[in-house]
Amino acid sequence: MAVTQPRTLDDLPHGGFGVDASGRGGGRVPQRKRPRRESMADWRWGDRIAYVLCWAAGIALCVIAALIMGYMAVRGVQYLKPSLLWSHPSGEVDQSDSGGFLDPIIGTILLTIIGIVIATPIAVAAAIWVVEYGRPSGLARMVESGIEVVAGTPDIVLAIFGLALFQHGLFGWMSFTAEGGAVFGRSFLTAGAMMSLIALPMVFGATREGLQSIPGHVREASYGLGKTKIATIRRVLLPAVRPNISTGAALGMGRIAGDTAIVVILLGATLRLEKEGGIPGVDVLKGTGSTLTSYVYNNSPAGEGNAPEKAYAAAFVLLLLVVALNFTVDLIARRGAKTGLEGTRLGAGR
Amino acid sequence: MITDHGTTDAPTTTSGREPAGPPPPIRKIVVEAPPTVAPAAPQAAGGHAATSGAAGGWGQGRGEAGPERMTLQGLSVFYGENEAVKQVSLSIRLGEVLALIGPSGCGKTTLLRTLNRLTELTAGAQRGGTILLDGTDVDALEVTALRRRVAMVFQQPNPFPMSIFDNVAYALREQSRKRPGRAVVEPLVEDALKRAGLWDEVKDKLDAPALRLSGGQQQRLCIARAIATRPEVLLMDEPCSALDPRSTAVIEQLIGELRSDLAIVIVTHNMQQARRVGDKVAFMYLGDLVEYGPAEQIFDAPQAQRTRDYVRGVFG
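Protein chains in written order, with the numbering used here: chain F, 118 to 467; chain B, 55 to 370.
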């Protein structure tokens with residue numbers, strides 16, 4: 118190894134670039150003049166007004182959010198009794214006997230789980246196909262605009278469509294079927310299936326952006342190790358976008374938990390969980406029920422229950438649930454930033 | 055030869071060199087040069103033992119080159135109509151570092167990526183000529199098998215988002231229905247990390263995420279990952295360009311050590327690096343292989359005018 122060039126670390130100048138090191142310390146630091154700060158006095162009037170408007174818009178949003186939270190918290194705490202959380206509702210006119218909202222809470226959780234369980238695999242699979250394969254490109258564009266159409270469809274339209282669809286005899290197994298063969302079409306299964314369409318664009322968008330943010334050379338590194346495309350997707354890309362999938366799923370769950378139209382039309386919005394059929398577990402899925410949103414609606418002055426106190430209490434619980442979900446989204450996104458490939462915070466979907 | 059060369063603009067050039075004069079004029083670069091000669095290539099093909107004697111000890115005791123591992127015969131790569139690599143013939147030998155130098159867009163990275171058929175992933179890329187790996191046409195090999203034998207390290211350190219251990223183990227686990235367990239791959243992972251000079255730094259945190267490592271460590275992990283399958287050829291695409299000088303030095307030292315049981319092809323922008331690590335240097339320009347020969351010859355006594363200009367920094 119009679120080589121003249123520095124081949125080892127020791128041959129390199131260690132202290133790095135000595136000039137910097139010696140320049141530091143001892144009063145040789147040049148007197149730094151504080152740069153004159155930009156002041157609004159130099160601005161044009163139009164810029165000043167625009168600046169103030171932007172600033173005011175930000176503050177206004179904070180105030181609105183605080184008002185909502187504050188009002189719901191005051192009303193909620195005022196009316197929320199622990200017993201409301203674990204007693205079944207009933208249709209008594211006397212509000213002291215009409216029970217709590219245990220069933221709507223279970224309904225919300227159950228429906229959210231059904232929806233997200235259906236939506237996530239489909240959305241992730243579609244995103245992988247669009248980003249990693251996407252041939253022919255016309256079909257990929259069609260898939261993307263199809264999902265955009267689903268995302269843009271009002272939930273009430275989805276609900277009506279779902280009711281028409283699931284009342285078909287083909288889907289008789291999903292809900293109650295009457296003597297003559299008429300299919301009821303309303304159940305946790307049918308509502309959950311439609312709810313999945315609400316969460317799907319969220320999960321799809323988040324997964325797609327995650328995949329697109331992975332640089333191409335990471336895929337090539339995997340191919341370069343003699344891995345197939347499938348192996349690369351399974352072992353490298355999917356683990357890398359896991360935080361994105363979780364973010365999208367949490368956002369989608371928030372959307373499902375907050376939806377009313379599909380619950381009212383497709384879940385039946387019955388006060389209690391009404392079981393259907395004899396198989397334990399499945400009977401609940403085939404049966405009808407309600408969620409916190411439909412409970413709030415029914416107990417609001419606009420609904421038939423007209424018990425605003427309970428509506429406020431339930432709305433507060435729902436708000437807490439959704440805020441908790443959003444908080445989870447933040448947490449996942451921040452943790453993803455530490456371990457994932459790209460620490461991008463995703464504002465997926467709309 | 056001298057007519058198509060920018061420096062014939064003698065008056066302008068000299069005036070530009072005056073100390074207090076105006077900034078030097080932009081020199082004309084040879085774009086349409088006469089057909090390329092690769093003077094050292096036939097010599098090298100004649101037999102490496104003879105070359106090492108004749109060229110004035112280019113090996114400088116760096117160890118003799120072993121048998122030929124890869125042979126490129128008239129290799130051309132097209133991106134659509136554009137010929138990115140033009141009729142390149144080269145040989146890559148065991149125990150030897152081949153440095154590919156040249157300005158941006160000269161086709162050196164394309165050439166490198168063609169060796170393990172990564173260019174096939176680019177839509178519209180086509181290849182002409184043959185590449186032999188130990189006498190077998192690479193087209194006849196299954197692409198996954200080829201890439202396990204001709205591994206690659208990229209410009210950006212790109213560990214996978216998994217643990218340090220899994221990064222290396224991922225490379226080792228073959229496409230099989232039954233994945234070998236940790237006990238099976240553990241000694242192999244350790245061996246690869248040791249050869250990449252990373253073991254002492256990571257042996258206590260093998261399960262930590264690989265992306266928490268520093269840039270230089272990440273790149274060495276990528277090298278460990280690439281050499282874990284004991285490939286015959288290691289391709290490196292500017293492996294140090296994203297790294298600081300100290301990490302670069304560590305990796306260059308590593309290249310010197312790995313050279314004994316691998317054939318290494320390294321693409322670099324940095325001529326000093328090519329000189330430091332390269333046994334053979336190939337200068338490419340606009341898709342042509344202009345000159346190929348021992349590092350000392352390319353840098354000290356280049357035969358082609360364009361090599362001379364590039365090495366002296368006339369253009370680049």
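Glycine included, every Cβ here is placed at the ideal spot set by N, Cα and C.
None of these values were measured; they are calculated from a predicted model.
### Task
Report the neighbours of glutamine 210 of chain B on chain F: residues whose CB is nearer than 8 angstroms to its CB, in chain order.
Contacts between glutamine 210 of chain B and chain F, judged by CB atoms closer than 8 angstroms, involve Pro332 and His334 in chain order.
### Message
Taking CB distances under 8 angstroms as the criterion, tell me whether proline 356 of chain B reaches chain F.
### Response
Not an interface residue.
#### Entry: Candidates F/Leu256, F/Gly224 and F/Ala244: closest to valine 358 of chain F by CA position
Minimum Cα distance to valine 358 of chain F is reached at F/Ala244.
### Query
Are any of the Cβ atoms in chain F nearer than 8 angstroms to that of glutamine 324 of chain B?
The question names glutamine, but residue 324 of chain B is asparagine in the sequence shown. No, no contact with chain F.
### Query
Less than 8 angstroms separating the beta-carbons of valine 192 of chain B and leucine 165 of chain B?
No, they are not a contact pair.
### Query
Just checking, does the region 260-277 of chain F make contact with the region 337-353 of chain F on the three C-beta pairs under 8 angstroms criterion?
Touching, no.
### Message
Comparing C-alpha positions only, which one of B/Ala177, B/Pro293 and B/Leu187 sits nearest to arginine 201 of chain B?
### Response
With respect to the C-alpha of arginine 201 of chain B, the residue from B/Ala177, B/Pro293 and B/Leu187 having the closest C-alpha is B/Leu187.
### Message
My assumption, with CB atoms under 8 angstroms, is that lysine 379 of chain F sits in contact with methionine 312 of chain F. Please give the rounded CB distance.
### Response
Per the sequence shown, the amino acid found at residue 379 of chain F is isoleucine instead of lysine. The pair is a contact, with the Cβ atoms about 6 angstroms apart (cut-off 8 angstroms).
### Query
Going by alpha carbons, who is nearest to glycine 208 of chain F out of F/Arg451, F/Val439, F/Asn423 and F/Ala432?
For the residues F/Arg451, F/Val439, F/Asn423 and F/Ala432, the minimum Cα distance to glycine 208 of chain F belongs to F/Asn423.
### Query
So, is proline 253 of chain F buried or exposed, given that buried needs 16 or more other C-beta atoms within 10 angstroms?
Result: exposed.
### Task
Along the beta strand (DSSP E) that carries proline 199 of chain F, what are the first and last residues, could you check?
No beta strand (DSSP E) holds proline 199 of chain F; the alpha helix (DSSP H) holding it covers 199-203.
### Query
Whose Cβ in chain B lies nearer than 8 angstroms to the Cβ of arginine 303 of chain F?
Contact note: arginine 303 of chain F does not reach chain B at a C-beta cutoff of 8 angstroms; the least C-beta distance is about 44 angstroms.
### Task
If I'm right that serine 87 of chain F touches alanine 386 of chain F with Cβ under 8 angstroms, what's the distance once you round it to whole angstroms?
Look at the range of chain F in this structure, 118 to 467, and you will see that residue 87 of chain F is not part of it.
### Query
To which residues does DSSP link asparagine 136 of chain B through a beta bridge?
When DSSP reads this structure, asparagine 136 of chain B sits in a beta bridge with B/Tyr133.
### Task
Output, in sequence order along the chain, the residues in the region 168-188 of chain B whose CB is closer than 8 angstroms to any CB in chain F.
For the region 168-188 of chain B, which is checked against every Cβ of chain F, the residues closer than 8 angstroms are Asn170, Leu172 and Leu175.
### Query
In terms of residues, what are the limits of the alpha helix (DSSP H) holding glycine 306 of chain F?
Here the sequence assigns leucine to residue 306 of chain F, which means glycine is not the residue at that position. Counting along the chain, the alpha helix (DSSP H) containing leucine 306 of chain F begins and ends at 305-330.
### Query
So, helix, strand or coil for glutamine 97 of chain B, using DSSP?
With a pLDDT of 41 at glutamine 97 of chain B, under the threshold of 50, the modelled position of this residue cannot be trusted, and the question is left open.
#### Entry: Those residues which DSSP pairs with isoleucine 320 of chain B across a bridge
Bridge partners of isoleucine 320 of chain B: B/Ala153 and B/Met290.
### Task
With DSSP as the reference, please indicate the residues paired to arginine 147 of chain B in a beta bridge.
In DSSP, arginine 147 of chain B forms a bridge with B/Glu122.
#### Entry: Proximity test, Cβ basis, 8 angstroms: proline 215 of chain B and chain F
For proline 215 of chain B, the answer is yes, since a Cβ of chain F falls inside 8 angstroms of its Cβ.
### Task
Could you work out which residues of chain F lie near arginine 201 of chain B, taking near to mean beta carbons separated by less than 9 angstroms?
In chain order: Tyr340, Gly341, Leu342, Gly343 and Lys344.
### Message
List, from N- to C-terminal side, the alpha helix (DSSP H) runs of 4 residues or more that fit wholly inside the region 206-289 of chain F.
### Response
Fully enclosed alpha helix (DSSP H) runs of 4 or longer: 219-245, 254-269 and 272-283.
### Message
Spatial neighbours of threonine 302 of chain B within its chain, please: C-beta separation below 7 angstroms, excluding the five flanking residues on both sides.
### Response
For threonine 302 of chain B, where only same-chain residues beyond five positions count, the Cβ hits under 7 angstroms are Cys294.
### Query
The alpha helix (DSSP H) spanning isoleucine 360 of chain F covers which residue range?
For the sequence presented, residue 360 of chain F should be read as proline rather than isoleucine. Boundaries of the alpha helix (DSSP H) around proline 360 of chain F: 359-374.
#### Entry: Neighbour list for methionine 206 of chain B in chain F, Cβ cutoff strictly below 7 angstroms
Correct list: Gly341.
### Task
Could you check which residue in F/Val399, F/Lys427, F/Ser262 and F/Ala367 has the C-alpha nearest to that of valine 236 of chain F?
A small correction: the amino acid at residue 236 of chain F is alanine; valine does not occupy that position in the sequence shown. Closest by alpha carbon: F/Ala367.
### Message
According to DSSP, alanine 179 of chain B sits in a beta bridge with which residue or residues?
### Response
Assignment of beta-bridge partners to alanine 179 of chain B by DSSP yields B/Tyr133.
### Query
Taking the C-alpha atoms as reference points, what is the distance between alanine 295 of chain F and glycine 322 of chain F?
C-alpha separation (whole angstroms): 40 angstroms.
### Query
Start and end of the beta strand (DSSP E) containing leucine 343 of chain B?
Looking at the DSSP string, the run of the beta strand (DSSP E) that includes leucine 343 of chain B is 342-348.
### Continuous alpha helix (DSSP H) stretch holding phenylalanine 219 of chain B: start and end
Element bounds for phenylalanine 219 of chain B: 218-226.
### Message
According to DSSP, simplified to helix, strand and coil, what is lysine 334 of chain B?
### Response
Strand.
### Query
Candidates B/Ile185, B/Leu154, B/Leu175 and B/Pro121: which alpha carbon is nearest tyrosine 133 of chain B's?
Selected option, being the one with the closest Cα: B/Leu175.
### Query
Does any CB atom of chain F fall closer than 8 angstroms to the CB of phenylalanine 369 of chain B?
It does not; no Cβ of chain F falls within 8 angstroms.
### DSSP state of alanine 103 of chain B mapped onto helix, strand, coil
Residue confidence is low: alanine 103 of chain B scores 39 on pLDDT, short of 50, so the model does not pin down where it sits. Its coordinate-derived value is still stated next. Note: alanine 103 of chain B maps to helix in three-state DSSP.
### Query
Can you give the Cα-Cα distance for glycine 183 of chain B and leucine 144 of chain B, rounded to whole angstroms?
One Cα belongs to glycine 183 of chain B, the other to leucine 144 of chain B, and the distance between them is close to 12 angstroms.
### Task
Below 8 angstroms on the Cβ atoms is my guess for alanine 153 of chain B versus glycine 332 of chain B; work out the distance and round it to an integer in Å.
Taking 8 angstroms as the upper bound for CB-CB distance, alanine 153 of chain B and glycine 332 of chain B are in contact here, some 3 angstroms apart.
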